[in-house]
Every structure is written in structure tokens, then in C-alpha cells.
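**Student:** Each residue of the sequence shown is one higher than the one before, starting from 0 at the first, in numbering that gives the first Met the number 0.
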Amino acid sequence: MNFTKDFPNLFQFFGGYFPDADFEQLTDEDIVSEYVLEHLSNNNYQKIQGLLVDINELMDNIDNYWEEVGDEVNRYFKNSDEALKWLIIIRQELSKNG
0 MNFTKDFPNL FQFFGGYFPD ADFEQLTDED IVSEYVLEHL SNNNYQKIQG LLVDINELMD
60 NIDNYWEEVG DEVNRYFKNS DEALKWLIII RQELSKNG
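Shown next as C-alpha cells:
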């Protein structure tokens, strides 16, 4: 299992938006809202919907990827349950904004 190859869109989203959040004092919700606004302004709804599909698939297989997800988003998860809880929040934010 390789997160980067299996979920290239999530890899780009996580790696491109989350790692510097601490420096910029952004919440996860702020980050997702920024991403959604950027893509909605470009009429790129498919990108958001694609992320939602990928997140659902990732959630179904979180036991295989939780450590890599933590690395990509610059978060420490003790276990797959913590990673899953975080993904649920991200999915909710994408869903309500997208």
C-alpha cells in the first residue's frame, strides 16, 4: 500500500494545504474552506467531489494508511481511530462547503 500512488489527489491536497497551517495559525476548517473557495471560484466542482470520493475510500482503508496521512498533514495520530476522526471532520467541511 502506498498512499501517494493510491490517493494522488489527496496527497496533493494534504501536502499542499496542511503542513504550514501551524505557522499561519489556520484551523483545519479554515484550510478546507480556503481550498473549496479557490476551486469553486474556478468552477472546479469535480475536484472537490473527487476528494470526497477519495476520502470515503481512504476511510474504509484507514488501517493501512493512517501513519502516512499523519505525515502528509503534519499531525500526530496515535492510531487509525484518531486519523479516522480527523478525516470525518475534513469530509464534513468539504461536504458543507462543496
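We put the beta carbon where it would ideally sit given N, CA and C, even for glycine.
Since the structure is predicted, the reported quantities are computational estimates derived from the model, not experimental observations.
#1: Distance, Cα to Cα, Q48 vs P7?
#2: With L51 as the anchor, note down where its alpha helix (DSSP H) starts and where it stops.
#3: What's the gap between the Cα of N60 and the Cα of F2?
#4: Taking the alpha carbon of Q91 as the point to measure from, which residue in D29, E37, D19 has its own alpha carbon closest?
#5: Can you tell me the Cβ-Cβ gap for F17 and N55, rounded? I've got them flagged as a contact below 8 Å.
#6: Tell me, to the nearest whole angstrom, how far the beta carbon of L50 is from that of F12; I am working on the premise that it is less than 8 Å.
#7: Determine the direct distance from the alpha carbon of K77 to that of E71, and round the result to whole angstroms.
#8: Grab the span of the alpha helix (DSSP H) containing K4 for me, first residue to last.
**Tutor:** Let me lay it out:
#1: Their backbone Cα atoms lie some 14 Å apart in a straight line.
#2: First-last of the alpha helix (DSSP H) with L51: 44-59.
#3: Computed Cα separation, rounded: 11 Å.
#4: Ranking the options by Cα distance to Q91, first place goes to D29.
#5: In this structure, F17 and N55 do not form a Cβ contact; the two beta carbons are roughly 19 Å apart against a cut-off of 8 Å.
#6: Separation of the CB atoms of L50 and F12 is rounded to 6 Å, and the pair is thereby assigned contact status at 8 Å.
#7: Between E71 and K77, the C-alpha separation is close to 15 Å.
#8: Counting along the chain, K4 sits inside the alpha helix (DSSP H) bounded by residues 2-5.
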